[in-house]
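Below: one structure, written as structure tokens.
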Amino acid sequence: MFVTHDQAEAMALADHIAVLHNGFLEQIAPPDELFLRPQTPFVATFVGRAVLFPGRWEANRFYPEGWIGSQDGMGMNETFWEGRTVAQAFKRTNVFPIRPDEWMLCKHEPGIPVKIIVREYAGITVRFTVLRENARNSKDEPLSWNILSTPGVLYQEGETLYARPRFVHKGTMLTEDKC
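Here this note's numbering is used: the first residue of the sequence shown is 4, the next is one more, and so on.
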């Protein structure tokens with residue numbers, strides 16, 4: 004057993020990782036499973052930096068709050084909103100965990116209207132902090148989150164765009180040039 008508080012070190016060296024929160028064991032899993040299939044909201048936000056996106060679950064499909072336009076256009080009926088195995092803890096609280104690298108920004112719907120409030124160029128990626136206006140998170144704070152993109156994306160602070168999932172569940176990758 005090796006104890007560390009360094010996530011990068013744990014992900015690189017461990018066969019299995021145990022995540023503790025307030026003295027309770029949240030999840031034990033191999034690093035990739037912990038990252039890709041978190042079992043609790045804490046693990047999703049702590050390990051994957053996911054935002055717990057609000058919406059509603061009907062059967063095994065998630066309907067994100069604030070979505071505009073068809074969910075069937077551009078492969079949206081195949082997105083991981085329904086194609087991913089999501090733990091019951093998320094369904095009970097009507098949220099969906101989605102990481103910054105799982106979003107893309109587009110000039111038109113379908114998607115969730117957001118405003119870019121910060122743009123940080125970092126060489127291989129651009130980090131956008133976006134705000135969904137008039138929306139609040141579970142702590143009654145403005146709903147904002149980060150989106151990682153490629154350097155060729157030239158959106159600027161102040162622009163209003165549509166955020167939508169980047170991947171479809173059959174492994175086909177949607178990118179900003181497909182918007």
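By construction, the Cβ of each residue, glycine as well, lies at the ideal position given by its N, Cα and C atoms.
| field | Extent of the continuous alpha helix (DSSP H) run through Arg95 | value | Gln91 to Arg95
| Nearest residue (CA-CA) to Pro100, options Gln42, Ile31 and Asp18 | Gln42
| query | Could you give the residue range of the beta strand (DSSP E) that holds Ala166? | reply | Thr163 to Pro168
| query | Where do the N-terminal and C-terminal ends of the alpha helix (DSSP H) with Gln10 fall, by residue? | reply | Gln10 to Leu16
| query | If you draw a straight line from the alpha carbon of Leu39 to that of Thr153, how long is it in whole angstroms? | reply | 21 Å
| query | Taking Cβ to Cβ, would you say Pro44 is nearer than 8 Å to Ala92? | reply | yes
| query | Expressed to the nearest angstrom, what Euclidean distance is found between the alpha-carbon atoms of Ala32 and Ile20? | reply | 6 Å
| Going straight from the alpha carbon of Ile115 to that of Pro34, what length do you get? | 31 Å
| Does the Cβ-Cβ distance between Met107 and Arg52 come in under 8 Å? | no
| field | Close-in-space but distant-in-sequence residues of the same chain around Pro67 (CB under 8 Å, 5 per side omitted) | value | Phe56, Pro57, Gly58, Trp84, Phe99 and Ile115
| Should Ala47 be labelled buried (16 or more other beta-carbon atoms within 10 Å of its own) or exposed? | buried
| task | Determine the DSSP secondary structure at Leu157, reduced to helix, strand or coil. | result | coil
| query | Thinking just about the alpha-carbon of each residue, which of Leu37, Lys118, Gly126 and Gly72 is nearest to the one in Gly161? | reply | Lys118
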